[in-house]
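Here the structure comes first, spelled out in structure tokens, and everything after it is commentary.
Numbering (this note's numbering), first residue to last: 79 to 192.
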């Protein structure tokens, strides 16, 4: 396993998770606000896109060892954000931000590569 490469990817994923947390703190954990604010939506969508892209940079060995996280589904969400051209399902994005991102951050922080 290329520990430095995987550790670098983890560090960046955690950073984007923290950016999402900061965005939610700034705008408020309120779906009504989120659903009507394009700046809010775009800020978190970009971070989700970046996280999905980063998962493609993990080594196969890393993904096999740390297989409790659905890395392929995270990448798939990135593809939805990247290729739906303004038709992102706001509810799915919101659920990802509120439920999945904290779980992803916690999981990544527990990995002892860094």
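Beta carbons are placed, not taken as given, at the ideal position from N, Cα and C, and that holds for glycine.
Going straight from the alpha carbon of residue i to that of residue j, what length do you get?
i	j	result
residue 159	residue 99	19 Å
residue 185	residue 167	25 Å
residue 114	residue 135	33 Å
residue 174	residue 147	14 Å
residue 107	residue 133	26 Å
Just mark residue i as buried or exposed, buried being the case when its beta carbon has 16 or more other beta carbons within 10 Å.
i	result
residue 193	No answer is possible for residue 193: it lies beyond the span of the chain, which begins at 79 and ends at 192.
residue 151	exposed
residue 125	buried
residue 84	buried
residue 89	exposed
Out of the options, point me to the one whose CA is closest to residue i's CA.
i	options	result
residue 176	189, 85, 80, 112	112
residue 81	143, 116, 121	143
residue 116	190, 182, 171, 179	171
residue 95	178, 85, 189	178
residue 157	123, 139, 141, 189	123
DSSP state of residue i, grouped into three classes?
i	result
residue 82	helix
residue 135	coil
residue 92	helix
residue 106	coil
Flag residue i as yes when its Cβ comes closer than 7 Å to any non-hydrogen atom of the ligand GDP, and as no otherwise.
i	result
residue 157	As far as ligands go, the structure on display features none, and thus does not contain the ligand GDP.
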